[in-house]
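Here is the structure we will look at.
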Amino acid sequence: MLLQGVSALGYTVPLAVVLAVLALLVGIGLAVMFWLTLAVSVSRSVRDTRRERVQSDLRDQLLDRMFDPDAEWDEWVEGLSRRERSVVESLLDEYLREVDGRQAERLRDLGTALEIPERAARRLGSRNEFDRLTALTWLTLLQAPETVQETDFTPQTSRERASVARLQYENGTLDDPREGLSLLLENAETEFTVFGQDTLYRIATDDPGALFDIAAANFREWSRPLLIQVLLVCRHLGTSVTTEELSWLTVTLEHDSEAVRAAAAEALGNVGWRSDIRDEGFLTRVVADPSPQVRGAVYEMLADWGDETAIAALTDSLAFETDTRARLTGANALVRHRSTLDSAVARGFADTWAWSSEHAKYDRLARTGSRVSD
Amino acid sequence: MIDVHSLTHLMLQVITWFGLLVIGYYLVINAYYLSIHVLALLELRDDVQESRWDPPFREFASPFYPGIGIVVPAYNEAATIVESLQSMLSLNYPEAEIVVVNDGSTDDTLDRLVEHFELEEVDAEIPVDVPTEQIHGVYRSRTYEELLVVDKDNGGKSDALNAGIWLTDMPLFCAVDSDTIIDRDALLQLVRPFLEQPRTAVASGGVIRVANECTVEDGIVQSVALPKTGLPGLQVMEYLRAFYSGRLGLNRIKGLILISGAFGLFQTEAVREIGGYRHDTITEDLDIVVRLHRHLIDEGREYTVDFVPEPVAWTEVPTSRSALGRQRRRWYRGMVETVVSNRGMLFNPEYGRVGTVVFPFFVAAEMFGPLIEGIGYVILPLAWYFGILDPAFFLVFFLLTTGFGVFLSWFGIFSEVLSFNRYDSPWQILRLLWYGVLENFGYRQWKTVVAWQGLVEYLRGVDSWGAMERTGFKTTDD
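Protein chains in written order, with this note's numbering: chain C, 10 to 383; chain G, 14 to 491.
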């Protein structure tokens, strides 16, 4: 095994040189990695230990003052070291998410004493998105929307738009829910995080019609995941949709994507009282969707409508349903609204109905602790 | 008669060319690993930033968390099943169903479940076809609405998982080993890809960590400690490098092909579409993800498979060499099986980055790597014996295998310290760094022997699982 050197482009590098370079590279890599790892570990450990040492006392002091009408936060904060203030900030973040009422008001005064709004205003100018998001989160917890208005901050990303909308919604500074919904949805290109979706839902709850109007105008421009997220929000809005504009929902029932069609059917579960979407032709069309997943969602929709016509359409469809999973979805939906079913009606899906009824029985038993009907 | 001189010359040529091949191989593979670990650091930076941002809303009040069926296969788990389930029942998640599948246990696993959770048999036929061994009964609890127990004939772990997948009504399912401890908020984090990419996210995996020596109380890991003994300690090192840093890097290039069977979240319908877990594989976790990639690409569907570094599940690792050897031989056999049955993906541009980069490198590094290294360990003493060992070759081989191996291990520890830092004492980190060195002297060589044994077992058609000896978690009373 004799290796003399490495040849390339007409040059030969002696093996000793290759070896020395390789050893040097590996050696430097190892040394850097070793000391860097140890240094970061020691630094984090020292910091955490010092924080832990003061945390318990500070928590007690904070809780005492939280229930004291004369908390005198400024005086308290002035006496704290930089590290102690940082620990108090973490505790404040924790408690502001848990308490309400007068205690929360006092904690917000502590946030002001810690000069968090001023720092948040500065962080809104940061180039790092998470710095800006953290600032907006603090301003929401401290109910300080004016800080954003005092800066020239404009949300750039979907997460920032959701944070600003949430800040305005939580503090009642939205003149109109439509304003918040527009902020979230107009020019939206990407899907939301669950926080964004939840914010959309909270604001839309105040004015479902506004969401339906915006969706009707924009749904063709939205990406598929975003459209599905909006449809999921519509599904949870309840039955207070009074808008005339539902055609976009029925259009999405014809979408290429079965996921979109299924989400549209689920969203329509809320608006079953609208006669214009309930004509026989519509029902015949949707229960015949080629996708079992969509048919399952349609069965859920019919069960949510819950009136005799819808239930009759549902039981008729289940009797002829060929996909066992869609049939089970339909029976599970039906059993949420009907604890019993005439055996003649259930003919064709009797086994599935028996299975769903049994499970519904145990659900009730576990919830109430007593057998409702055997 | 062959001339002895010519024979020696031929042998010299063969060994020299083999040596050059090995060095070339290690240069390429190490460059790949280095790239993956650097990508892991970038991924980690983003993940840490994201995890530190806690948006101002109450997660439990949000109606947008999809239901999760936690599928728990149980075979002869009478000693621990009640405690494990109590731990799972107290997970923080708005809508979870726990489906325990008693896979033909010969002990009193089912009796213990019936007694403790007040189970009653459901008086109805299962209305869907479940592609598993015969199911004898489905049980519901009088007190826990979210608990479902399936009693079936023994069919192995894949079969048990399939029973749970077919019987849950939840859109997502989480495959969990019954002896795995899941962090309380882990599901809330693991589900994040499904919330952000509804309907396109098909799978997400969390981090598996070693629970040996950690203190466990009421199904919660109360304090994290590094195992004091060598073998589990070395596995901590391995888990950090391969299951943490390695997967983070693959996630960065959208090429994750393995989600640990002990803790993974999947879109239920997508897994049903591919027929569930295969019965004839012994590493069902690798197989299912590779098949999902293949199926969804074949169907032309948009999809994502994600790794989320924050949610953690804890598992007990083997403490004896024989048990670890059995486990690793099984892993190796299963990997070869999966590679062979999905060989059509290799270098196939139709499978995108997974087919052209990730899967080929996986095969080169994980399947052939230990075999080639094993041959190297045989050739070196032979070459020395015949007096043809070039010290320069030996040094290069040593630097590329051991030197770089230590570097990658330390890189994994660095990623851990820089991010979630579960081993928070510098002494533990120092010990981990030591394990990173130690694993290259003896343990690494032993693993090449195990890989060869696994290959021989695969060729002989061995399909046994081998028993896992568990010592139980450490509690505060210990």
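Cβ coordinates follow ideal geometry from the N, Cα and C atoms, glycine included.
From a predicted model like this one, the values you see are computed outputs, not experimental measurements.
Let me make sure I understand the geometry here. Which of the options has the alpha-carbon closest to that of residue i?
| i | options | result |
| --- | --- | --- |
| G/T145 | G/V127, G/D164, G/Y157 | G/D164 |
| G/Y316 | G/P324, G/V325, G/L305 | G/L305 |
| G/V84 | G/M101, G/V229, G/V95 | G/M101 |
| C/V269 | C/S50, C/D184, C/S65, C/R304 | C/R304 |
| C/V157 | C/S348, C/L67, C/A144 | C/A144 |
| G/H22 | G/G474, G/A396, G/R457 | G/A396 |
| C/E200 | C/L241, C/G36, C/R62, C/L33 | C/L241 |
| C/G120 | C/W85, C/I212, C/F221, C/T338 | C/W85 |
| G/G474 | G/V349, G/F433, G/L445, G/S438 | G/V349 |
| G/L239 | G/V450, G/I392, G/Y436 | G/Y436 |
| C/P217 | C/F204, C/V239, C/G205, C/V260 | C/V239 |
| G/W447 | G/V284, G/K241, G/R314 | G/K241 |
| G/L40 | G/G382, G/V430, G/G387, G/N434 | G/G382 |
| G/G32 | G/V303, G/P404, G/V204, G/T181 | G/P404 |
| C/M82 | C/D57, C/E114, C/S52, C/V51 | The question names Met, yet the displayed sequence has Trp at residue 82 of chain C. The shortest C-alpha separation from C/W82 is found at C/E114. |
| G/G387 | G/T181, G/E108, G/S428, G/Q458 | G/Q458 |
| G/Q441 | C/I37, C/L31, C/S54, C/G38 | C/S54 |
Excluding the 5 residues flanking residue i on each side, which residues of the same chain have their C-beta closer than 6 Å to its C-beta?
| i | result |
| --- | --- |
| C/A385 | Residue 385 of chain C cannot be examined here, being either before or after the span of chain C that is shown, 10 to 383. |
| C/L311 | A319, A322, L323 |
| C/E317 | none |
| C/E330 | R336 |
| G/P107 | F73, Y78 |
Helix, strand or coil, according to DSSP, for residue i in the structure here?
| i | result |
| --- | --- |
| G/D319 | strand |
| C/G128 | With the sequence shown as reference, residue 128 of chain C is identified as Arg, and Gly is not the correct amino acid for it. In the structure shown, C/R128 sits in a helix (DSSP, three-state: H, G or I). |
| C/P23 | strand |
| G/T228 | strand |
| G/P211 | coil |
| G/G132 | For clarity, residue 132 of chain G is Leu in the given sequence; the question names Gly instead. In the structure shown, G/L132 sits in a strand (DSSP, three-state: E or B). |
| C/A268 | helix |
| G/I81 | strand |
| C/S307 | The sequence as given places Val at residue 307 of chain C; Ser does not occur at that position. If DSSP states are grouped into helix, strand and coil, C/V307 belongs with the helices. |
| G/V391 | helix |
| G/S475 | Correcting the residue type first, residue 475 of chain G is Val in the shown sequence and not Ser. Coil, per DSSP. |
| G/I233 | strand |
| G/K241 | coil |
| G/T294 | coil |
| C/D316 | coil |
| C/S366 | helix |
| G/K267 | coil |
| C/S326 | helix |
| C/F228 | coil |
Residue i bridges to which residues according to DSSP?
| i | result |
| --- | --- |
| G/L278 | G/C187, G/S217 |
| G/A326 | G/I195, G/I221 |
| G/V162 | G/V113, G/Y152 |
| G/P86 | G/V114 |
Taking the Cβ atom as the reference point for each residue, do residue i and residue j lie within a distance shorter than 8 Å?
| i | j | result |
| --- | --- | --- |
| C/W147 | C/A130 | no |
| G/G425 | G/R307 | no |
| C/A340 | C/S365 | yes |
| G/T461 | G/Y398 | no |
| G/D196 | G/V352 | no |
| G/N167 | G/G117 | yes |
| G/P68 | G/F207 | no |
| C/V96 | C/L67 | yes |
| G/C227 | G/V220 | no |
| G/F492 | G/L185 | Residue 492 of chain G lies beyond the residue range present for chain G, which begins at 14 and ends at 491; the question has no answer from this structure. |
| C/F221 | C/E254 | yes |
| C/F139 | G/W465 | no |
| G/G365 | G/I310 | yes |
| G/A87 | G/N43 | no |
Leaving out five residues on either side along the sequence, give the residues of the same chain with a beta carbon under 7 Å from the beta carbon of residue i.
| i | result |
| --- | --- |
| C/R141 | R132, L133, S135, E169 |
| G/F372 | I270, M358, L359 |
| G/E131 | S154, R155, T156 |
| G/L55 | R265 |
Excluding sequence positions up to five away, which residues of its chain have a Cβ less than 8 Å from the Cβ of residue i?
| i | result |
| --- | --- |
| C/T149 | S172, R175, L176, E179, N180 |
| C/L116 | M75, L101, Y104, L105, V108 |
| C/A226 | none |
| G/L337 | L244, Q248, V330, P331 |
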